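**Student:** Dropping the structure in here first, questions after.
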Amino acid sequence: MHKSPLFVAVLITMIVGARLVAAQTPEDVEPGVWAKVEAQLQAQGVNLLSKAGRDVPVEVAKLLPTPDLVGEDSYFGRAVALDDDTMVVGAYDSYDDYDYPGGTAFIFQREQGGPDAWGLVARLTSSVGPADDRFGCAVSISGDTVVVGAYHDDDDGINSGSAYIFGRNQGGADAWQQVAKLTASDGGTIDHFGYSVSISCDIVTVGSPGDNGSSGSAYIFGRDQGGTNTWGQVAKLMASDGASYDHFGYSVSISNDTVAVGAYRNRGTAAYGSGSAYIFGRNQGGTDAWGQIVKLTASDGASNDEFGKAVAISVDLVVVGAPEDDDNGTDSGSAYIFGRNHGGANAWGQMVKITAFDGATEDQFGLSLSISGDTVVVGAYQDNDNGYHSGSAYIFDRDHGGTDVWGQAAKITASDGETEDQFGLSLSISGDTVVVGA
Numbered sequence: 166m167h168k169s170p171l172f173v174a175v176l177i178t179m180i181v182g183a184r185l186v187a188a189q190t191p192e193d194v195e196p197g198v199w200a201k202v203e204a205q206l207q208a209q210g211v212n213l214l215s216k217a218g219r220d221v222p223v224e225v226a227k228l229l230p231t232p233d234l235v236g237e238d239s240y241f242g243r244a245v246a247l248d249d250d251t252m253v254v255g256a257y258d259s260y261d262d263y264d265y266p267g268g269t270a271f272i273f274q275r276e277q278g279g280p281d282a283w284g285l286v287a288r289l290t291s292s293v294g295p296a297d298d299r300f301g302c303a304v305s306i307s308g309d310t311v312v313v314g315a316y317h318d319d320d321d322g323i324n325s326g327s328a329y330i331f332g333r334n335q336g337g338a339d340a341w342q343q344v345a346k347l348t349a350s351d352g353g354t355i356d357h358f359g360y361s362v363s364i365s366c367d368i369v370t371v372g373s374p375g376d377n378g379s380s381g382s383a384y385i386f387g388r389d390q391g392g393t394n395t396w397g398q399v400a401k402l403m404a405s406d407g408a409s410y411d412h413f414g415y416s417v418s419i420s421n422d423t424v425a426v427g428a429y430r431n432r433g434t435a436a437y438g439s440g441s442a443y444i445f446g447r448n449q450g451g452t453d454a455w456g457q458i459v460k461l462t463a464s465d466g467a468s469n470d471e472f473g474k475a476v477a478i479s480v481d482l483v484v485v486g487a488p489e490d491d492d493n494g495t496d497s498g499s500a501y502i503f504g505r506n507h508g509g510a511n512a513w514g515q516m517v518k519i520t521a522f523d524g525a526t527e528d529q530f531g532l533s534l535s536i537s538g539d540t541v542v543v544g545a546y547q548d549n550d551n552g553y554h555s556g557s558a559y560i561f562d563r564d565h566g567g568t569d570v571w572g573q574a575a576k577i578t579a580s581d582g583e584t585e586d587q588f589g590l591s592l593s594i595s596g597d598t599v600v601v602g603a
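Taken in order, the sequence shown gives residues 166 to 603; the numbers are from my numbering.
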């Protein structure tokens, strides 16, 4: 039976060497936690008496606000973001402060309510009043700043879109309040500005995949642009070879002074819908100018692979998802890892293509992905391990299986997974902790 889309978020951590439940004996952790750890370790063939086991992901929490905060069809968990001990979860169809399904974002903090517990500390809503804005469709966090997309906002025309910035310690210690609302300088009807968002320190990137006949665009905003604590637009990004219906801006990711933007319907390899991703950098073409550095395509791209439907960047590595690649069956999916200076100075070369070891038709591996350091997590939300479209996620590590080898370290599923959960539709990794939306 098809489940109503009341999504949840599941927290995973790597237990070996991680602070959360690093232990070799039951005495090291609480009894209830140890029982869960023991069962999962045994299932993966790890010797509980040896310190030689590999990193094993263990589910440590399932997050679901009380029914008075979210209800049926709220899409809680459709978007998730994690930075250290703070997590943001979007619920773009939940009821807002005006008793209207305008959307909400929730902030959870580690060690709220007990050691290693993840407790709800804030509920964020739009400041504009009742509207079907889909606030919470996309979320991102960096330090004390959160960005929330609302791509159905109508400020500059129907579904022109917007994004909101919230800050911690605004109006009181640990209080989260809105500090800015972002819109495009040239926003228009059905631009869908805010469909994707990403933040790194004082720079925010917002995707607008419906702009200009759905050729798409992305916008860069900076803190203290136009005044102290003012978030001002500093650039508009477009593909050098953009065309109608490329959907450039469907996915965005920023790390320091480098931005990755996906255009999943672009003719990346001359085949329609093969897809592309673009890398932009600050100071490209002039001081503080944001210019295109390179266009990325899959080495084996084919029609309708939709390479670029998800992107994630961390310093010198970019991961690009192609969820409709067919290597393991129709729409089984894949992901590609590119490295800066791989193949030459300032070149962004393809390092590896990764697929699920047990990939199958319609898994959609690569629709969601995240990277932290040398670890990549990829979602396969239509995997069928625990029932039709129950979903899963995969963890890949660099040097797993050899120097510079990106090997699959683990596959994770929900402890209570079932049909149509779509575990892996969204995910985020920070250090040794992963949050997965279901």
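Note that the Cβ used here is the ideal one computed from N, Cα and C, for glycine as well.
As the structure is a computational prediction, the values presented were derived from the model and not from experiment.
Buried or exposed: where does G337 fall if 16 or more other Cβ atoms within 10 Å of its Cβ makes it buried?
**Tutor:** Label assigned to G337: exposed.
**Student:** With 16 other CB atoms within 10 Å as the buried threshold, where does I560 fall?
**Tutor:** The residue is buried, with at least 16 neighbouring Cβ atoms inside 10 Å.
**Student:** Take D528 and list the residues in its own chain whose beta-carbon comes closer than 6 Å to its own, dropping the five residues that flank it on each side.
**Tutor:** Excluding positions up to five away in sequence, the list reads S497, G498, A545, Q547 and D548.
**Student:** Quick check: F445 and V476, are their CB atoms within less than 8 Å of each other?
**Tutor:** For F445 and V476, no; Cβs fall outside 8 Å.
**Student:** Determine the closest residue to G352 out of G596, N493, A328 and V459, with distance taken between C-alpha atoms.
**Tutor:** Among G596, N493, A328 and V459, the Cα nearest to that of G352 belongs to A328.
**Student:** By how many angstroms is the C-alpha of A574 removed from the C-alpha of C302?
**Tutor:** Distance between the alpha carbons of C302 and A574: 30 Å.
**Student:** Starting from the C-beta of R432, find all residues in its chain whose C-beta is less than 6 Å away, skip the five residues before and the five after it, and write them out in chain order.
**Tutor:** Same-chain partners within the cutoff: there are none.
**Student:** Between A463, G466, T578 and E583, which has its C-alpha nearest L612's C-alpha?
**Tutor:** No statement about residue 612 is possible, as the shown extent of the chain runs from 166 to 603 and does not include it.
**Student:** Check this for me: beta carbons of I330 and S365, under 8 Å apart or not?
**Tutor:** No; because the gap between Cβ atoms is not below 8 Å, this pair is not in contact.
**Student:** Under a three-way DSSP split, which group does E203 fall into?
**Tutor:** Note on E203: pLDDT 42, under 50, position unreliable in the model; no value is reported.
**Student:** Would DSSP call S379 helix, strand or coil?
**Tutor:** Reduced to three states, the DSSP call for S379 is helix.
**Student:** Does the separation of the CB atoms of I594 and I502 fall below 8 Å?
**Tutor:** No.
**Student:** For a quick check, are the C-beta atoms of T540 and D562 less than 8 Å apart?
**Tutor:** A contact, by the Cβ cut-off of 8 Å.
**Student:** What does DSSP give as the partner residues of G332 in its beta bridges?
**Tutor:** Paired residues: T310 and Q342.
**Student:** Helix, strand or coil for T269 per DSSP?
**Tutor:** Three-state result, T269: strand.
**Student:** Thinking just about the alpha-carbon of each residue, which of F386, D550, A487 and M403 is nearest to the one in G397?
**Tutor:** For the residues F386, D550, A487 and M403, the minimum Cα distance to G397 belongs to F386.
**Student:** By the three-class DSSP mapping on this structure, what secondary structure does A475 have?
**Tutor:** If DSSP states are grouped into helix, strand and coil, A475 belongs with the strands.
**Student:** Can you give the Cα-Cα distance for E583 and A603, rounded to whole angstroms?
**Tutor:** In a straight line, the C-alpha of E583 is about 10 Å away from that of A603.
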